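Each residue of the sequence shown is one higher than the one before, counting from 8 in my numbering.
Worksheet: the structure to be examined is printed underneath.
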Amino acid sequence: MLETSFDGHGSLIRWVDIRGDLPARVFIHGLGGNGEAILGAVARHPSISGHRSILVDLPGHGATDRPSDFSYSLDAHAAAVVAVCRAAGVEGVDLVGHSLGADISVVLAARNPGLVRRMVISEGNLDPLPPSPSGRASQAIALQQEEEFVAGGYQRLMDENPGWAPTLRRCSPLAIHRSSVGLITGTTPTMRALLVAVAVPRTFIKGAHGEPLLDEAGLEAAGVHVVTIQDAGHMMMFDNPPAFVDALAVGLART
8 MLETSFDGHG SLIRWVDIRG DLPARVFIHG LGGNGEAILG AVARHPSISG
58 HRSILVDLPG HGATDRPSDF SYSLDAHAAA VVAVCRAAGV EGVDLVGHSL
108 GADISVVLAA RNPGLVRRMV ISEGNLDPLP PSPSGRASQA IALQQEEEFV
158 AGGYQRLMDE NPGWAPTLRR CSPLAIHRSS VGLITGTTPT MRALLVAVAV
208 PRTFIKGAHG EPLLDEAGLE AAGVHVVTIQ DAGHMMMFDN PPAFVDALAV
258 GLART
């Protein structure tokens, strides 16, 4: 894995760099995941392979360092991914982001004009949400106090979600909590407003049984191509891989 500093204090963000043609593609995983486990097979799929592909492990996730003084907000995560792009020497990239990675992609593109060529995101949260015992996992995590989650909530989360546990246990509980708070708090302007305003080809992929997407018609009217993956929930890359890769291929070809 390659690495570079991301927080000004020597903490290192790490990524897998797959050789290939330009433009480079940057893949950003979701909460409690890592680049290789969640999006590695997707990046290497014959339908979209051949391009240089960068699989990032977000701060506090996977092989990347987990500083305790880092905010893990959407803007902070986005700045860390920008550091990866700078260190890798890439610009005009195609962004592929899932869930938390989708929101980070939106923020990155909006805050760094020219760095992103096109964007394909899936199951992103575009609006601020309240902490809640129901709804997205990030809402239930944020309902707990940080100390409470670190002390016991993190282990309960793994116990209750055995399918998530293999990647979740490779994450910092502090990072998971702060990332969840950052995800439902959102940004100013909102992630939805940023997505609508970004002047690059944009595709939003959602699972038919995944998270609800509000005002789909409004996104389409703003030029965001919305695709629904049938027979799939939030983790569509595992639920229906062929349909997900097909949707990515279409999104990555948009001009």
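Positions of the beta carbon are idealized from the N, C-alpha and C atoms, including for glycine.
Treat the numbers as computed from the prediction; the structure is a model and nothing was measured.
Would you decide whether residue i is buried or exposed? Buried here means 16 or more other CB atoms lie within 10 Å of its CB.
i	result
asparagine 168	exposed
phenylalanine 245	exposed
aspartate 64	buried
valine 96	Looking at the sequence provided, one finds glycine at residue 96 rather than valine. Exposed: under 16 other Cβ atoms inside 10 Å.
proline 208	buried
glutamine 152	exposed
serine 221	According to the sequence displayed, residue 221 carries leucine and not serine. Its Cβ having fewer than 16 others within 10 Å, leucine 221 is exposed.
serine 60	buried
alanine 254	buried
alanine 239	buried
glycine 170	exposed
glutamate 227	exposed
Does DSSP classify residue i as helix, strand or coil?
i	result
arginine 124	strand
leucine 19	strand
leucine 29	strand
alanine 149	helix
proline 140	coil
aspartate 134	coil
glycine 40	coil
leucine 4	In this structure the chain extends from 8 to 262, so residue 4 is not present and cannot be described.
methionine 242	coil
alanine 260	coil
Going by the DSSP bridge assignment, what does residue i pair with across the sheet?
i	result
isoleucine 236	Gly214
threonine 11	Ile20
valine 49	Valine 49 pairs with nothing; no bridge assigned.
isoleucine 35	Val63, Gly104
valine 231	Arg209
histidine 58	Asp28
Cβ-heavy atom distance between residue i and the ligand GDP below 7 Å?
i	result
proline 196	With respect to the ligand GDP, the structure offers nothing, as it holds no ligand at all.
For a minimum of 3 consecutive residues, which ranges assigned as the beta strand (DSSP E) are wholly contained in the region 60 to 129? 100 to 105, 123 to 129
Residue ranges of each alpha helix (DSSP H) run of no fewer than 4 residues wholly in the region 156 to 222, ordered along the chain? If only uninterrupted alpha helix (DSSP H) runs of at least 4 residues are considered, those enclosed by the region 156 to 222 are 161 to 167, 172 to 175, 180 to 192, 198 to 204.
Are the region 119 to 136 and the region 155 to 164 touching, with three or more C-beta to C-beta distances below 8 Å? no
Contact between the region 111 to 124 and the region 78 to 87: three or more CB pairs below 8 Å? yes
Count the C-beta pairs between the region 8 to 18 and the region 57 to 73 that are closer than 8 Å, then say yes if the count reaches three, no if not. Short answer: they touch.
Is the number of C-beta pairs between the region 12 to 32 and the region 68 to 75 that are closer than 8 Å three or more? yes
Touching by the beta-carbon criterion (3+ pairs, under 8 Å), the region 243 to 259 and the region 49 to 56: yes
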